[in-house]
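Position 318 of the sequence shown, counted from 1, bears residue number 327 in the numbering used here, the numbering being contiguous throughout. We put the beta carbon where it would ideally sit given N, CA and C, even for glycine.
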Amino acid sequence: MRIPLACSFASLVGATDPPSSTIVSINSATGDVDVSQLPGMLRDAGYTPDPEVASFLGTAEITTLEYVHSQVVQTPPHTIDSEALCNFVTSASSKLSLQSECAADGNGEAFGGREQRPPKTKEAKSAKLDMDLHVNDPDAAHQKHLKWMDMGKVWRLAFPHVKRRVTVAVMDSGINWNDPDFAPLKGRIKKKSGRYLDGGWNFITDSSIMTFVDSHGTNVCKILAAKGNNSVGIAGVAPNVTLVPLQILDENGKGPLSRFLAALHMAMDLEVDIVSMSLGYYLSGAQARLMQRGLRAAQERGIVLVSAVGYAAELREDDYPCRYGGPRALCVAYMQDDKTRNVLHTNSGWGRRVDVAAYGTNIFTGRDENGKLRYFNGSSAATPIVTALFAILLSMDVDPMVAKRLILDNVDPVELPTVLEFFIDASTCGELGVPDWKFYSQDQASPSSLALLKKRVLTTLRLMSLASLRTHRGLF
Numbered sequence: 010m011r012i013p014l015a016c017s018f019a020s021l022v023g024a025t026d027p028p029s030s031t032i033v034s035i036n037s038a039t040g041d042v043d044v045s046q047l048p049g050m051l052r053d054a055g056y057t058p059d060p061e062v063a064s065f066l067g068t069a070e071i072t073t074l075e076y077v078h079s080q081v082v083q084t085p086p087h088t089i090d091s092e093a094l095c096n097f098v099t100s101a102s103s104k105l106s107l108q109s110e111c112a113a114d115g116n117g118e119a120f121g122g123r124e125q126r127p128p129k130t131k132e133a134k135s136a137k138l139d140m141d142l143h144v145n146d147p148d149a150a151h152q153k154h155l156k157w158m159d160m161g162k163v164w165r166l167a168f169p170h171v172k173r174r175v176t177v178a179v180m181d182s183g184i185n186w187n188d189p190d191f192a193p194l195k196g197r198i199k200k201k202s203g204r205y206l207d208g209g210w211n212f213i214t215d216s217s218i219m220t221f222v223d224s225h226g227t228n229v230c231k232i233l234a235a236k237g238n239n240s241v242g243i244a245g246v247a248p249n250v251t252l253v254p255l256q257i258l259d260e261n262g263k264g265p266l267s268r269f270l271a272a273l274h275m276a277m278d279l280e281v282d283i284v285s286m287s288l289g290y291y292l293s294g295a296q297a298r299l300m301q302r303g304l305r306a307a308q309e310r311g312i313v314l315v316s317a318v319g320y321a322a323e324l325r326e327d328d329y330p331c332r333y334g335g336p337r338a339l340c341v342a343y344m345q346d347d348k349t350r351n352v353l354h355t356n357s358g359w360g361r362r363v364d365v366a367a368y369g370t371n372i373f374t375g376r377d378e379n380g381k382l383r384y385f386n387g388s389s390a391a392t393p394i395v396t397a398l399f400a401i402l403l404s405m406d407v408d409p410m411v412a413k414r415l416i417l418d419n420v421d422p423v424e425l426p427t428v429l430e431f432f433i434d435a436s437t438c439g440e441l442g443v444p445d446w447k448f449y450s451q452d453q454a455s456p457s458s459l460a461l462l463k464k465r466v467l468t469t470l471r472l473m474s475l476a477s478l479r480t481h482r483g484l485f
């Protein structure tokens with residue numbers, strides 16, 4: 010679904026405390042430049058650096074994020090603030106013929122509605138084979154959306170062609186590794202820079218110990234990858250991946266840009282296959298460019314980025330990471346809870362940057378600590394579905410760019426809800442006109458464009474037609 014409109018929208022976050030860190034990216038013709046070296050470089054070039062800033066940089070706490078080409082400088086109160094540091098960086102870069110971006114830290118938040126529970130609680134059943142999904146997870150009976158997507162058939166089609174185990178990083182709040190649906194997904198992963206990571210990383214505590222006061226990350230990871238056919242819980246859409254939770258959101262679902270970039274840096278260091286992001290940032294020009302550099306670097310390293318568009322029935326044109334796009338990226342909206350009609354949810358974000366929509370209303374995610382059924386909503390719920398389908402394709406050794414094309418070329422149309430059709434006014438929001446419906450299905454795929462694809466990828470065409478991804482491509 011892509012709609013070229015320009016309507017106003019609210020900020021993702023409200024008022025916050027002044028940022029205590031500043032993000033800097035400085036580049037020369039030969040590579041990245043350490044911000045702490047600027048005073049010395051100015052002196053060598055015959056300039057006198059600001060003594061206060063020079064002194065500050067000599068002792069400042071600076072974290073270098075090599076893979077995203079940025080540094081995070083701690084600028085707490087009563088020291089050099091972000092404005093003063095950025096003015097210095099801009100001035101020095103001009104004198105030294107360097108390219109730079111500098112901005113105070115930004116803020117983002119988790120997307121999607123919090124979990125919902127039905128009024129009645131059903132007792133968990135003993136493990137037996139679910140006849141639709143062909144798994145023995147006792148609560149698979151409640152996973153109606155996976156049944157609507159024919160995931161039992163998808164798994165059966167894909168399994169003979171699986172060539173490797175896919176590693177998926179999830180930027181969100183933390184999870185409980187003791188959960189039997191997560192424990193088998195934990196891996197010991199070697200970093201490109203050396204050393205190993207056990208499971209995931211908590212960027213709030215700077216440790217491998219996850220916290221999960223906020224259940225947002227748990228719900229996302231359950232939908233994506235809950236271990237299937239293990240006689241407990243539920244089955245994720247891609248139930249046999251290596252899961253890497255990168256905890257950047259606090260108990261309130263908030264996370265600064267610096268933490269996001271640090272997690273993206275680690276994802277590249279771990280050489281993961283996919284990063285799933287059910288969150289968003291509304292960023293200023295410099296902040297946006299700093300994020301863009303990181304997202305571009307990740308895609309250049311072959312990482313697939315899947316992100317949520319957000320909620321509140323708004324045009325989401327400046328929300329990152331969805332806004333950036335790219336050849337290895339997908340931005341996801343969500344549909345209503347309807348088996349027979351594919352209707353965009355009235356609370357889903359939308360816009361020209363959105364690629365596909367998936368189910369995201371009342372998605373079953375298991376049980377809480379009291380045994381009550383737990384449901385999850387929003388593009389945060391739809392995003393892990395798309396991430397998981399991408400993971401299935403990559404496990405079949407499909408090239409990431411081919412996988413994206415297969416997804417986009419094997420989708421069904423999605424309808425706009427009446428209230429959204431009324432809201433989208435071409436006379437006030439830009440040129441829309443009559444939608445030019447250009448949808449693609451398995452039958453419409455050009456044989457010549459598929460001729461060189463391997464047999465296992467041809468099988469994937471059927472897989473994707475079963476998987477019920479929806480899109481509005483062609484509306485711009």
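Excluding sequence positions up to five away, which residues of its chain have a Cβ less than 7 Å from the Cβ of residue i?
| i | result |
| --- | --- |
| G369 | Y343, M344, H354, N386, G387, S388, A390 and A391 |
| A272 | M180, F212, L255 and I257 |
| H151 | F373 and L382 |
| F4 | Residue numbering for the chain in the displayed model covers 10 to 485; residue 4 lies beyond these limits and cannot be assessed. |
What residues match up with residue i in a beta bridge as DSSP calls it?
| i | result |
| --- | --- |
| D207 | R197 |
| D53 | Paired residues: none, contrary to the question. |
| N36 | D41 and Q108 |
| P254 | V179 |
| P265 | N116 |
| F399 | None, per the DSSP bridge assignment. |
| G375 | R383 |
| A317 | V341 |
| M286 | M180 and S316 |
| M416 | For the sequence presented, residue 416 should be read as Ile rather than Met. Answer is none; I416 lacks a bridge partner. |
| A367 | Y343 |
| D328 | Y291 |
Among the options, which one has its Cα closest to the Cα of residue i?
| i | options | result |
| --- | --- | --- |
| S287 | K348, F191, D181 and N356 | D181 |
| V81 | D190, N96 and V44 | V44 |
| D364 | R332, C111 and T214 | R332 |
| A367 | N379, R361 and K348 | K348 |
| S217 | Y205, T227, H225 and N228 | Y205 |
| L142 | V246, T396, T73 and G334 | V246 |
| V42 | T57, P60 and S79 | S79 |
| V352 | L425, T31, G358 and S34 | L425 |
| N261 | F120, S30, A412 and P85 | F120 |
| G117 | G67, K381, F269 and I416 | F269 |
| F65 | D406, D53 and S91 | S91 |
| L51 | S30, S102 and A38 | S102 |
| A38 | H87, S100 and S106 | S106 |
| F399 | D328, D282 and Q46 | D282 |
| S293 | K263, D327, R302 and G303 | D327 |
| P265 | N185, G289 and M275 | G289 |
| F221 | K162, W186 and M300 | W186 |
| L346 | S357, I35 and C340 | The identity of residue 346 in the sequence shown is Asp, whereas the question assumes Leu. Closest option to D346, Cα to Cα, is S357. |
| T99 | V341, L47 and K137 | L47 |
| A54 | K156, K104 and I35 | K104 |
For residue i, I'd like the list of residues in its chain whose CB is within less than 6 Å of its CB, leaving aside the five on either flank, ordered along the chain.
| i | result |
| --- | --- |
| K231 | T374 and G375 |
| N238 | V144 and N145 |
| P128 | Here the model assigns P128 a pLDDT of 42, short of 50, so the residue's position is not dependable, and the following value carries that caveat. Excluding sequence neighbours, P128 sits near nothing in its chain. |
| F448 | Here the model assigns F448 a pLDDT of 24, short of 50, so the residue's position is not dependable, and the following value carries that caveat. Within the same chain, F448 has close Cβ partners P422. |
| A69 | V82 |
Please check the pair residue i and residue j, which I expect to be a contact at CB under 8 Å, by giving their CB distance rounded to whole angstroms.
| i | j | result |
| --- | --- | --- |
| K201 | E309 | That pair is no contact at about 14 Å. |
| G183 | G115 | Not really, about 22 Å apart at Cβ, beyond 8 Å. |
| V175 | L403 | 5 Å |
| P409 | S285 | Actually they do not touch by this definition, with Cβ atoms about 14 Å apart. |
| A338 | A234 | 20 Å between Cβ atoms; not a contact. |
| M405 | V62 | Rounded, the Cβ-Cβ distance is 53 Å, inconsistent with contact. |
| R362 | G334 | 6 Å |
| L304 | P330 | 6 Å |
| I32 | S267 | 6 Å |
In chain order, what residues of the same chain lie with their CB nearer than 8 Å to the CB of residue i, ignoring the 5 residues before and after it?
| i | result |
| --- | --- |
| K236 | P189, D190, F191, A192, P193, L194, G242, A244, G245, P248 and N249 |
| M277 | Y76, V77, K201, A306, A307, R310 and I312 |
So with Cβ pairs under 8 Å, would you call residue i a contact of chain C?
| i | result |
| --- | --- |
| S293 | The structure shown contains no chain C; it holds only a single protein chain. |
What do you reckon, is the C-beta of residue i under 7 Å from a heavy atom of the ligand PLP?
| i | result |
| --- | --- |
| S202 | Ligands displayed in this structure: none; no statement on the ligand PLP is therefore possible. |
Cβ pair count under 8 Å reaching 3, the stretch 63 to 76 against the stretch 104 to 115: Cβ pair count under 8 Å is below three, so no.
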